[in-house]
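Down below is the structure, laid out as structure tokens.
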Amino acid sequence: MKVKVVAFSAISLVLIFVFAWFLSNEDNRGNPTARDIVKNNQDADILKLDGQVYGNGMDLEWVQDKEYEKGQKIGEVRNKTQNSWWFRDRYATKLPEGTALYTTGEEEYEKGNPPFHVLVEYNNKKLIYIAYIEG
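So for the sequence shown, UniProt numbering puts the first residue at 1; every next one is plus one.
See below:
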């Protein structure tokens with residue numbers, strides 16, 4: 001009887017971990033994950049919103065040349081972490097917890113439909129994060 005209980009418990013734990021892993025990867029949409037990006041660049045400045053990973057685009061000339069207006073508040077960074085294994089929505093690698101996230105003035109936000117740009121005000125500067133989209 002004890003052997004059956006132990007076996008059932010072990011199988012249940014394995015199934016729970018497999019299910020949790022699938023849930024954490026379901027929102028990938030074929031786009032790069034936080035793990036993919038951090039694996040290739042340990043110093044990456046990224047954040048995640050609605051399953052979409054965004055990178056700091058302030059080094060791109062076309063981003064610097066455009067003036068972005070702050071739009072609708074989306075939320076705040078929940079956690080600053082370098083742990084790409086459990087990188088959740090509203091986690092960031094460089095932005096501190098509590099940093100406000102906004103749409104740009106030209107984009108709308110609806111939960112489950114992430115915008116292409118996310119605007120952040122940090123250290124009295126506007127930063128633009130751009131979605132990593134495959135293809």
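Glycine residues also receive a C-beta, built at the ideal position from the N, C-alpha and C atoms.
Notebook entry, point to check: Straight-line CA distance for LYS66 to SER84?
Noted result: If you take the alpha carbons of LYS66 and SER84, they lie about 31 angstroms apart.
Next item on the list: Give me the Cα-Cα distance between ASN79 and GLU97, rounded to the nearest whole angstrom.
Entry: If I take the Cα positions, the gap works out to 5 angstroms.
Note to self: Please state whether the Cβ-Cβ distance between LEU49 and LEU101 is less than 8 angstroms.
What the structure shows: A contact, by the Cβ cut-off of 8 angstroms.
Notebook entry, point to check: Just curious, the beta strand (DSSP E) that ALA34 is in, first and last residue?
Noted result: That residue, ALA34, is in no beta strand (DSSP E); its alpha helix (DSSP H) goes 34-40.
Margin query: Can you give me the C-alpha to C-alpha distance between THR81 and GLY75, rounded to a whole angstrom?
Written below: Rounded to the nearest angstrom, the two C-alpha atoms are 17 angstroms apart.
Check: In three-state DSSP terms, what is GLU67?
Finding: Residue state for GLU67 is assigned as coil, using DSSP reduced to three classes.
Item checked: Residue range of the unbroken beta strand (DSSP E) whose run includes ALA100 -> ALA100 -> beta strand (DSSP E) spans 100-104.
Check: Could you give the distance in angstroms between the alpha-carbon of LYS125 and the alpha-carbon of GLY30?
Finding: Cα-Cα distance, rounded: 32 angstroms.
Margin query: Buried or exposed for ILE46, going by 16 or more other Cβ atoms inside 10 Å?
Written below: Buried, by the Cβ-count rule.
Next item on the list: Using beta-carbon positions only, say whether GLN64 and PRO114 come within less than 8 angstroms of one another.
Entry: Taking 8 angstroms as the Cβ cut-off, GLN64 and PRO114 do not qualify as a contacting pair.
Note to self: DSSP three-state label for residue 212, please.
What the structure shows: The shown model of the chain, from 1 to 135, leaves out residue 212, and the question about it has no answer.
Margin query: Looking at ILE133: is its Cβ nearer than 8 angstroms to the Cβ of GLY57?
Written below: The answer is no: Cβ separation not under 8 angstroms.
Next item on the list: Return the residue from the list THR103, LYS39, THR93, GLU108 that minimises the CA-CA distance to ILE128.
Entry: Between ILE128 and the set THR103, LYS39, THR93, GLU108, the nearest pair of CA atoms involves THR103.
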